[in-house]
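Undergrad: Chains as they are written, first to last, in full-length UniProt numbering: chain L, 1 to 210; chain E, 1 to 210.
All C-beta atoms, glycine included, are put in the ideal place defined by N, C-alpha and C.
As the structure is a computational prediction, the values presented were derived from the model and not from experiment.
Mind looking over this structure? Questions follow.
Right under this line is the structure:
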């Protein structure tokens, strides 16, 4: 069985949990407590020099890092159900929507970034306002990049954009980001969380949730 | 001919310029002055709601955004020369190296992020120290994720990891980041910039360079 190094509240690990569930791939979760700094332990850092989660370890010991690279690997090795459409332009549009979260929002709100803001003298309230600003900008862009009709970000089945969006909305709710301007996005969230693959991947459902 | 909305110093536009050159695809560059805020003009924002560069407009008017999505589209529609190996695990390793720049470094150092730091009262020197910290962390991770032998990040031909690395090293030099701990990375940069596809994509070679 593959092993997934994960942290319950990590939105990037949450993406991979959803995708493994959608593809029907059983995995052994191995918790890495990011708040306690376990990602900086020498053994873990050798596997994942980026000092983050997720890390996916295959049965033969192969180590894969970076959630978006892991999702592409999954799509290439376990194509059903697909996370991306077949047409190259359609794929590029789904990828662009996913990257609006994965490249423009999440990295700027990562735990190490908010920790650094606090080291620079900012309060917890200022760090929260920082996060909510980037989420609001990203959700605004994302809402303009997806079709108006659902139920999912791109049509009748969940895919890469939904897999990136749902964890980010979890984070938005956690930090009190105002989601009322984004009804299309919260409808996508509701449609996704009604599916067992998403529900089982929720932070609250993880063995390391406290 | 395709149109590339670009800014000479944008590292994400630089990635796409390199890839178009490597694939032998001629393009018309359309400058978007990010420092002057042209990315927020209504006509541009309709094309690129993320308010960034690059934007690639195909001959039929199709609009593609997000550099990493554009690079995947290029790889899928113009497969030669390949930017990724064929084996799924090897692809995932190249993608993880590329994303160490594209997801962990660049987004945290984007112009809008350093502008926001300044709005929060930080000096230009503090913004530079911020950028250099993230670059140092990212380069440290990247050096551990790639093989020790070159000339390129993964073997004898440049690919997705090199395309992300070379623009980031440009930015590192621009902001005085100490690159002496990363000789493998600067050797990759030298090997890449010896190729016409990379040299022609350099910021200094762009029509909007000042």
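I'd like to know if residue 65 (chain E) contacts chain L, where contact means its C-beta is closer than 8 Å to some C-beta of that chain.
TA: Chain L contact via Cβ: present.
Undergrad: Should the stretch 59 to 68 of chain L be regarded as contacting the stretch 83 to 101 of chain E, the criterion being three or more beta carbon pairs within less than 8 Å?
TA: As far as the Cβ criterion goes, the stretch 59 to 68 of chain L touches the stretch 83 to 101 of chain E, which means the pair count is three or higher.
Undergrad: Where does residue 27 (chain L) fall in DSSP's three states?
TA: Looking at residue 27 (chain L) - three-state DSSP - the assignment turns out to be strand.
Undergrad: Give the list of continuous alpha helix (DSSP H) stretches no shorter than 4 residues that lie fully inside the UniProt domain "GST N-terminal" (1 to 82) of chain E.
TA: The UniProt domain "GST N-terminal" (1 to 82) of chain E contains these whole alpha helix (DSSP H) runs: 11 to 23, 42 to 47, 67 to 77.
Undergrad: When you compare the CB positions of residue 83 (chain L) and residue 75 (chain L), do they come within less than 8 Å of one another, or not?
TA: Yes; because the gap between Cβ atoms is below 8 Å, this pair is in contact.
Undergrad: Expressed to the nearest angstrom, what Euclidean distance is found between the alpha-carbon atoms of residue 4 (chain L) and residue 27 (chain L)?
TA: For residue 4 (chain L) and residue 27 (chain L), the distance between alpha carbons rounds to 6 Å.
Undergrad: Give the list of continuous alpha helix (DSSP H) stretches no shorter than 4 residues that lie fully inside the UniProt domain "GST C-terminal" (87 to 210) of chain E.
TA: Fully enclosed alpha helix (DSSP H) runs of 4 or longer: 88 to 102, 106 to 109, 111 to 119, 124 to 145, 160 to 174, 183 to 193, 196 to 199.
Undergrad: Express the C-alpha separation of residue 136 (chain L) and residue 177 (chain L) in angstroms, rounding to a whole number.
TA: Approximately 8 Å between the Cα atoms of the pair.
Undergrad: For residue 169 (chain L) versus residue 186 (chain L), is the C-beta spacing smaller than 8 Å?
TA: Taking 8 Å as the Cβ cut-off, residue 169 (chain L) and residue 186 (chain L) qualify as a contacting pair.
Undergrad: Roughly how many whole angstroms lie between the Cα atoms of residue 134 (chain E) and residue 86 (chain L)?
TA: The alpha-carbon atoms of residue 134 (chain E) and residue 86 (chain L) are separated by roughly 36 Å.
Undergrad: Anything in chain L within Cβ reach of residue 77 (chain E), meaning under 8 Å, just list it in chain order.
TA: Per Cβ cutoff of 8 Å: 88.
Undergrad: Residue 145 (chain L) versus chain E: which residues are under 7 Å apart at the beta carbon?
TA: Those are 49, listed as they occur along chain E.
Undergrad: Leaving out five residues before and five after residue 25 (chain E) in sequence, what residues of the same chain have Cβ atoms less than 8 Å from its Cβ?
TA: So the qualifying residues of the chain are 2, 74, 78.
Undergrad: Measuring CB to CB, does residue 6 (chain E) end up less than 8 Å from residue 30 (chain E)?
TA: In this structure, residue 30 (chain E) lies closer than 8 Å to residue 6 (chain E) by Cβ.
Undergrad: Going along the chain, which residues of its own chain have a beta-carbon closer than 8 Å to the beta-carbon of residue 150 (chain E), five neighbours each way excluded?
TA: Closer than 8 Å at the Cβ level, and outside the excluded window around residue 150 (chain E), lie 184, 187, 188, 191.
Undergrad: Determine the direct distance from the alpha carbon of residue 33 (chain L) to that of residue 204 (chain L), and round the result to whole angstroms.
TA: Spanning the two alpha carbons is a distance of roughly 15 Å.
Undergrad: Is there a Cβ of chain L sitting closer than 8 Å to that of residue 73 (chain E), yes or no?
TA: It does: the Cβ of residue 73 (chain E) has a partner Cβ on chain L nearer than 8 Å.
Undergrad: Just how far apart, CA to CA, sit residue 91 (chain L) and residue 72 (chain E)?
TA: C-alpha separation (whole angstroms): 9 Å.
Undergrad: For residue 188 (chain L), decide whether its Cβ has a neighbour in chain E, counting only Cβ atoms nearer than 8 Å.
TA: Not closer than 8 Å to any Cβ of chain E, the Cβ of residue 188 (chain L) fails to qualify, so no.
Undergrad: Could you compute how far the alpha carbon of residue 18 (chain E) sits from the alpha carbon of residue 60 (chain L)?
TA: Going by the C-alpha atoms only, they are around 36 Å apart.
Undergrad: Going straight from the alpha carbon of residue 166 (chain E) to that of residue 210 (chain L), what length do you get?
TA: Those two C-alpha atoms are separated by around 42 Å.
Undergrad: Measuring only between beta-carbons, confirm whether residue 68 (chain E) sits less than 8 Å from chain L.
TA: Closer than 8 Å: yes.
Undergrad: Spatial neighbours of residue 141 (chain E) within its chain, please: C-beta separation below 8 Å, excluding the five flanking residues on both sides.
TA: Only 100, 104 meet the Cβ criterion.
Undergrad: Might you give, ordered along the chain, the residues of its own chain that have their beta carbon closer than 8 Å to the beta carbon of residue 145 (chain L), omitting 5 neighbours on each side?
TA: Here the set comprises 93, 96, 97, 100.
Undergrad: Roughly how many angstroms lie between the CA atoms of residue 14 (chain L) and residue 37 (chain L), to the nearest whole one?
TA: C-alpha separation (whole angstroms): 19 Å.
Undergrad: Determine the closest residue to residue 138 (chain E) out of L:112, L:200, L:80, with distance taken between C-alpha atoms.
TA: Here the closest residue by C-alpha is L:112.
Undergrad: Got a sec: which bits of the stretch 100 to 119 of chain L sit with their beta carbon under 7 Å from any beta carbon on chain E, in order along the chain?
TA: Here the close residues are 100, 102, 103, 104, 107, 108, 113.
Undergrad: Can you confirm whether residue 172 (chain E), when its beta carbon is compared against all beta carbons of chain L, has any partner nearer than 8 Å?
TA: Judged by the 8 Å Cβ criterion, residue 172 (chain E) is not in contact with chain L.
Undergrad: What is the C-beta distance between residue 129 (chain L) and residue 118 (chain L), in whole angstroms, given that I count them as a contact (C-beta under 8 Å)?
TA: Contact flag wrong, Cβ pair sits at about 13 Å.
Undergrad: What do you reckon, are the CB atoms on residue 193 (chain L) and residue 200 (chain L) nearer than 8 Å?
TA: Not closer than 8 Å, so no.
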